[in-house]
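Peer 1:
Protein chains: 2
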Amino acid sequence: MSYSFGMGNSETHSGSVQSVDRAVTILEVIARTGLAGVTDIAAELGVHKSTASRIVSTLEARGLVEQDQHRGKYRLGLGILRLAGATTARLDIVQEARPIAKRLAEQTGETINVAVLSDGAALYLDQVSGNASVQSHNWVGQRIPLHATSNGKVLLSGLSEAGIRTALETKLPTYTPHTVTSIPHLLTEVAEVVAAGHSIVIDELEVGLTAVSAPVRNAHDDVIASISVSGPGFRFTNTKVDAAKDLLVAAAADISARFGWREH
Amino acid sequence: MSYSFGMGNSETHSGSVQSVDRAVTILEVIARTGLAGVTDIAAELGVHKSTASRIVSTLEARGLVEQDQHRGKYRLGLGILRLAGATTARLDIVQEARPIAKRLAEQTGETINVAVLSDGAALYLDQVSGNASVQSHNWVGQRIPLHATSNGKVLLSGLSEAGIRTALETKLPTYTPHTVTSIPHLLTEVAEVVAAGHSIVIDELEVGLTAVSAPVRNAHDDVIASISVSGPGFRFTNTKVDAAKDLLVAAAADISARFGWREH
DNA sequence: GCGTCACGTTGCATATTACGCAACATGTGC
DNA sequence: GCACATGTTGCGTAATATGCAACGTGACGC
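Sequence order for the protein chains is F and S. Under the numbering used here, think of the first position of the first sequence as 18, with each following residue one higher. Under the numbering used here, think of the first position of the second sequence as 18, with each following residue one higher.
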């Protein structure tokens, strides 16, 4: 057998189990493509079809992936959701924020997200949809740059100026014509967020997407998370954003209170 | 090496990758215990500590698990959330519910409907007829007020009291002499639905129409949809409703499981 | 309706890879 | 400070995962 070195992805520390590593890669490939066949997977891994088939088959027996029909393509399975449930169960922020986020979703009819700072990006931990009918997009687990979202700007607002500069020193991608990538401009915006206690962002990440965010703080006044209400611009209009903003700020204060924060 | 036969858990179809299977077991063990050490894991798998250590280490490198401190115990990682986000993104209530709804239609001989909450009304997404002979009515695409149907009451049962009041604050039409329009009365009924886990409604929307509904839930225990069995009262009698109720609740649990819900 | 193709699956032989062992770190409690 | 428990790491062995090739199946096109 000849194995291609340098999978480019994971530098195995010392003793790493190859097939397990490949299994995880397979899960990520399927997560990225949504639906993947054995041949595609094998090509991506650089292994023989049979190898991919066997690993996928193992994952299927354990419910982490499912196949459409017999001998069909593979997709992620419900076993993942059970694991995810156990994951969020240990996250304090999700536990404390969820009931309040649900209420906020009911009140606004829009989608609520909870994000935290993680390695210079906004990591989305939880999402509650206002209208269960059409799950527009699921951000959970995604890492989004800080400069293009309201959550990101709120999370930045909890940092020192030096911290902000550090967080923004990577390349800032442009997503739409409205994306702000100038550091001075961003610093000004973050200062405004600090003053206002919330952040409103329109069309900066996706055209047609409007979002408003507020900080969740702990007893030391640190910003530990950001919570947002977001929806399509045609529905989530200025007036509604303004109404949602007040509810959101109150909800964020409620959650903050659960972490020992007190208004001063 | 001596491997213990009969892992008792998974009967490997034909070619199954042992270490991948073990990795999944490890994830499940950690999910169950919340926090697990290498020694515990090794004992549970019936393998040597070193084996468990290496697999866990691989999972850690890929973000599926994390360890508390250096050389600490392991817990599930945030990488799981990325996969989960991709999983829920593809989940579609109609698609997941349809095979189970079809089976339920065959078992009961009556009509099955699936509805979700949408802007303060029940939006009917799918319908499966038991006996094609008398195609009663096609509800798909219709929006029905929440107070007059069993599906509506189930959907209300997933909301907070404030949310229920908001949803009911519009004018509540009277369809038949049996339609309930009193808010306190409806609140009591919804509380009963929460307790019972299902809703039975007779003649409230149309005289001669009997329906029983049960909630479909996700991993967070949110009510994401309602599924119903309904038929004409002269045929869908009390006894039959009672029998259908048990099948329905089981079917709803099946669908819920597909969204990561677990009985607790 | 038949031939061709593409795809997923499965015996089998090989040797690569994962395993158990034992020794080594590193805390932790008595 | 000693004994213990726990997580990690070389090392040699062989069990296990892999590639190969053949098979089963379904889809498409001629």
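Cβ atoms here follow ideal geometry from the backbone N, Cα and C, with glycine treated the same way. Owing to the predicted nature of the structure, the values given are computational and were not obtained by experimental measurement.
#1: Grab me the residues of G94/S's own chain with a C-beta within less than 6 Å of its C-beta, minus the 5 sequence neighbours each way, in chain order.
#2: If we count the other Cβ atoms within 10 Å of its Cβ and call it buried at 16 or more, is S67/F buried or exposed?
#3: Tell me which residues of the segment 156-171 of chain F have at least one Cβ-Cβ distance to chain S shorter than 8 Å, keeping chain order.
#4: Checking contacts by CB at 9 Å: is L93/F closer than that to chain S?
#5: Do the segment 244-259 of chain S and the segment 207-214 of chain S make contact, defined as three or more Cβ pairs closer than 8 Å?
#6: Give me, in chain order, the residues of the same chain whose beta-carbon lies closer than 8 Å to that of I72/F; leave out the 5 immediate sequence neighbours on both sides.
#7: For a contact meaning CB atoms closer than 7 Å, what does L100/F contact in chain S?
#8: Can a CB atom of chain S be found closer than 9 Å to the CB of H154/F?
#9: What's the C-alpha gap between E223/S and P194/S?
#10: If you follow the beta strand (DSSP E) that E221/F is part of, which residue opens it and which one closes it?
#11: What are the partner residues of R92/F, as DSSP defines its beta bridges?
#12: State the start and end residues of the unbroken alpha helix (DSSP H) segment that holds T125/S.
#13: Whose C-beta lies closer than 8 Å to the C-beta of A114/F among residues of the same chain, with five residues either side of it excluded?
#14: Identify the continuous beta strand (DSSP E) that holds R107/F and give its terminal residues.
#15: Taking the Cβ atom as the reference point for each residue, do L204/S and I181/S lie within a distance shorter than 9 Å?
#16: Relative to the alpha-carbon of G158/S, which residue among A118/S, S135/S, L108/S, A261/S has its alpha-carbon at the smallest distance?
#17: Would you mind giving the Cβ-Cβ distance between S167/S and S230/S, rounded to the nearest angstrom? I have them listed as a contact below 8 Å.
#18: Take the Cβ of S216/S as the centre, count every other Cβ of all protein chains shown within 10 Å, and call the residue buried at 16 or more, exposed below.
#19: Could you check how far apart the C-beta atoms of S33/S and T75/F are, in whole angstroms? I think they sit under 8 Å.
#20: Leaving out five residues on either side along the sequence, give the residues of the same chain with a beta carbon under 7 Å from the beta carbon of T187/S.
#21: Please decide whether G25/F counts as near chain S, where near means a Cβ-Cβ distance under 9 Å.
#22: Could you tell me which residues DSSP puts in a beta bridge with G248/F?
#23: If you compare alpha carbons, which of V133/S, L265/S, A165/S is closest to L226/S?
#24: May I ask you to report which of helix, strand or coil DSSP gives S177/F?
#25: When the cut-off is 9 Å and only beta carbons count, does L222/F lie next to chain S?
#26: Confirm, please, whether the CB-CB distance from T50/S to I97/F is below 9 Å.
#27: Considering N130/F, what are the terminal residues of the beta strand (DSSP E) in which it resides?
#28: Kindly list the residues whose CB is nearer than 8 Å to the CB of V207/F, restricted to its own chain and excluding five residues on each side of it in sequence; keep chain order.
#29: Can you give me the Cβ contacts of Y192/F inside the same chain, cut-off strictly under 6 Å, excluding the 5 residues immediately before and after it?
#30: Residues in the same chain with beta-carbon distance under 6 Å from A228/F, minus the five sequence neighbours each way, listed in chain order, please.
#31: Give the residues of chain S in contact with D85/F, contact being defined as C-beta atoms less than 8 Å apart.
#32: Less than 7 Å between C-beta atoms, sequence neighbours within five positions excluded: which residues of the same chain meet that for P162/S?
#33: What number of angstroms, rounded off, separates the C-alpha of H154/S from the C-alpha of V258/S?
#34: I'd like to know if E123/F contacts chain S, where contact means its C-beta is closer than 9 Å to some C-beta of that chain.
#35: With a threshold of 16 other CB atoms inside 10 Å of the CB of H281/F, please say whether the residue is buried or exposed.
#36: For V133/S and L140/S, what's the separation of their Cα atoms in angstroms?
Peer 2: Checking against the coordinates, here is how it stands:
#1: Answer for G94/S: G80, L81, V82, E83, listed in chain order.
#2: Exposed is the call here.
#3: Against chain S - using a Cβ distance shorter than 8 Å - the residues of the segment 156-171 of chain F are W156, V157, G158, Q159.
#4: Contact of L93/F with chain S is assigned, a C-beta pair being separated by under 9 Å.
#5: By the Cβ test, the segment 244-259 of chain S is not in contact with the segment 207-214 of chain S, since fewer than three Cβ pairs between them sit closer than 8 Å.
#6: Contacts found: S36, R39, A40, I43.
#7: Going along chain S in sequence order, the residues near L100/F (Cβ under 7 Å) are L44, A48, L93, I97.
#8: H154/F counts as touching chain S.
#9: C-alpha separation (whole angstroms): 10 Å.
#10: Per DSSP, E221/F is not a residue of any beta strand (DSSP E), being assigned neither H nor E.
#11: Its beta-bridge partners are E83/F.
#12: 110-125 is the span of the alpha helix (DSSP H), which, as asked, contains T125/S.
#13: Hits under 8 Å: V131, D143, V233, A242, I244, I272.
#14: Per DSSP, R107/F belongs to no beta strand (DSSP E) and is neither H nor E.
#15: Cβ distance < 9 Å, so L204/S and I181/S count as in contact.
#16: Looking at the Cα atoms, S135/S is the closest of the given residues.
#17: Right, their Cβ atoms sit about 4 Å apart.
#18: So S216/S counts as buried.
#19: Indeed, because the Cβ distance is near 5 Å, the residues count as touching under 8 Å.
#20: Counting only Cβ-Cβ distances below 7 Å, and skipping sequence neighbours, we find G137.
#21: Legend: pLDDT at G25/F = 32, less than 50; position of this residue unreliable, value from coordinates given subsequently. No, because no Cβ of chain S sits closer than 9 Å to the Cβ of G25/F.
#22: G248/F has T227/F as its beta-bridge partners, per DSSP.
#23: Nearest C-alpha to L226/S: A165/S.
#24: The three-state secondary structure of S177/F, taken from DSSP, is coil.
#25: Using a CB distance cut-off of 9 Å, L222/F does not count as an interface residue toward chain S.
#26: No, Cβ-Cβ distance for I97/F and T50/S is not below 9 Å.
#27: Counting along the chain, the beta strand (DSSP E) containing N130/F begins and ends at 128-135.
#28: So the list reads K170, L173, S174, I181, once near-sequence residues are dropped.
#29: So the qualifying residues of the chain are A165, L222.
#30: Closer than 6 Å at Cβ, skipping near neighbours: S167, V218, S245, S247.
#31: The contacting residues do not exist; D85/F stays about 11 Å from chain S at best.
#32: Here the set comprises A138, G169, L189, P190.
#33: Straight-line measurement puts the Cα of V258/S at about 19 Å from the Cα of H154/S.
#34: At least one chain S Cβ lies under 9 Å of E123/F.
#35: H281/F is exposed by the Cβ-count criterion.
#36: Whole-angstrom Cα-Cα distance: 5 Å.
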